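J.:
So this is what it looks like as structure tokens:
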């Protein structure tokens, strides 16, 4: 007698029904409007947040760069003016010596006061023209010094970029903060007038020692000490005492 082998019924594999969930875009975080309205509230809020963060984090760097460029531009303009004025004063001295020698040779007397006054008037007009020419170079000189500033950004694979020290769950900063990415750096070094900026005429000789006169400006500050913004530049650059 053969025993019939009992077979258990096969279990039918049930396919997991995929839940047909509709895509749910969040409402506007600012005005609570539906996503289908496509309002620009969040875009405007982002621009406002960027502007506020930029003022908080970059304003001190902007002021430092501005003060640095201004100070070096003033030094260059003053040295350039000194070169032009010294050259003009030397020409004036030679002219006075010539008319003095001529007056003594012909009349055995000093030159006529009118000749001296005319020579001094020519010198004064020349000094004014030299100062005007120097001050008119401020735009190109400032652009040159601003072009020396180097802003560096961290690489995309830097830990501070890939994993910023912010908690994604609570929105607060983590305990172990990483050092911030490199900030703006200012390229230092002395500026040589004859090497970089084109002059309006032939290159001037090496400038004499700097004089005490300088366009008024804010006091120099170190790189790591940020103070308030410097006062606006004066509207008059004329030499004192001329």
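Residue numbers (the working numbering): -3 to 238.
The beta-carbon is built from N, C-alpha and C at its ideal position, and this holds for glycine as well.
This one's a predicted model, so the numbers in the text were calculated from it and none came from an experiment.
1. From residue 104 to residue 86, what does the alpha carbon distance come to, in whole angstroms?
2. Any contact of the segment 113 to 120 with the segment 135 to 142, i.e. 3+ C-beta pairs under 8 Å?
3. Starting from residue 31, trace the alpha helix (DSSP H) both ways and give me its first and last residue.
4. What separation, rounded to the nearest whole angstrom, lies between the Cα atoms of residue 157 and residue 40?
5. Which residue wins for smallest C-alpha separation from residue 42, given the options 56, 24, 148 and 74?
6. Give the range of the alpha helix (DSSP H) segment to which residue 45 is assigned.
7. Determine the contact status of residue 77 and residue 124, defining contact as a CB-CB distance below 8 Å.
8. What's the C-alpha gap between residue 22 and residue 38?
9. Going by DSSP in three states, residue 116 sits in which element: helix, strand or coil?
10. What span of residues does the alpha helix (DSSP H) with residue 138 cover, start to end?
11. Would you kindly work out how many angstroms separate the C-alpha atoms of residue 83 and residue 130, rounded to a whole number?
12. In the structure shown, what three-state DSSP assignment does residue 152 receive?
13. List the whole-angstrom C-beta distance separating residue 95 from residue 107, where the pair is believed to meet the contact cut-off of C-beta under 8 Å.
14. Identify every residue that forms a DSSP beta bridge with residue 125.
15. Closer than 8 Å, CB to CB, is residue 97 near chain D or not?
16. Whose C-beta lies closer than 6 Å to the C-beta of residue 111 among residues of the same chain, with five residues either side of it excluded?
17. Taking only the alpha-carbon atoms, compute the straight-line gap between residue 98 and residue 80 and give it to the nearest angstrom.
18. Please classify residue 101 as buried or exposed, where buried requires at least 16 neighbouring CB atoms within 10 angstroms.
19. Is it buried or exposed, residue 61, if we count other Cβ atoms within 10 angstroms and call 16 or more buried?
20. I need the straight-line Cα distance from residue 135 to residue 57, nearest angstrom please.
T.: Per the coordinate set shown:
1. The straight-line gap from Cα to Cα measures roughly 25 Å.
2. Cβ pair count under 8 Å is below three, so no.
3. Run containing residue 31: none; DSSP gives neither H nor E here.
4. A straight-line Cα-Cα distance of about 24 Å links residue 157 and residue 40.
5. Closest option to residue 42, Cα to Cα, is 24.
6. Unbroken alpha helix (DSSP H) run through residue 45: 37 to 103.
7. For the 8 Å CB-CB criterion, residue 77 and residue 124 do not form a contact.
8. Take the alpha-carbon of residue 22 and the one of residue 38: they are about 12 Å apart.
9. DSSP, read as helix, strand or coil, puts residue 116 in helix.
10. Secondary structure note for residue 138: its alpha helix (DSSP H) is the uninterrupted segment 134 to 143.
11. A straight-line Cα-Cα distance of about 14 Å links residue 83 and residue 130.
12. Here residue 152 sits in coil by DSSP.
13. Correct: roughly 5 Å between the Cβ atoms.
14. None, per the DSSP bridge assignment.
15. Checking the listed chains, one finds no chain D in this structure; it contains a single protein chain.
16. Around residue 111: 95.
17. Going by the C-alpha atoms only, they are around 27 Å apart.
18. Classification for residue 101: exposed.
19. By the Cβ-count criterion, residue 61 is buried, with 16 or more other Cβ atoms from all chains shown falling within 10 Å of its own Cβ.
20. About 21 Å.
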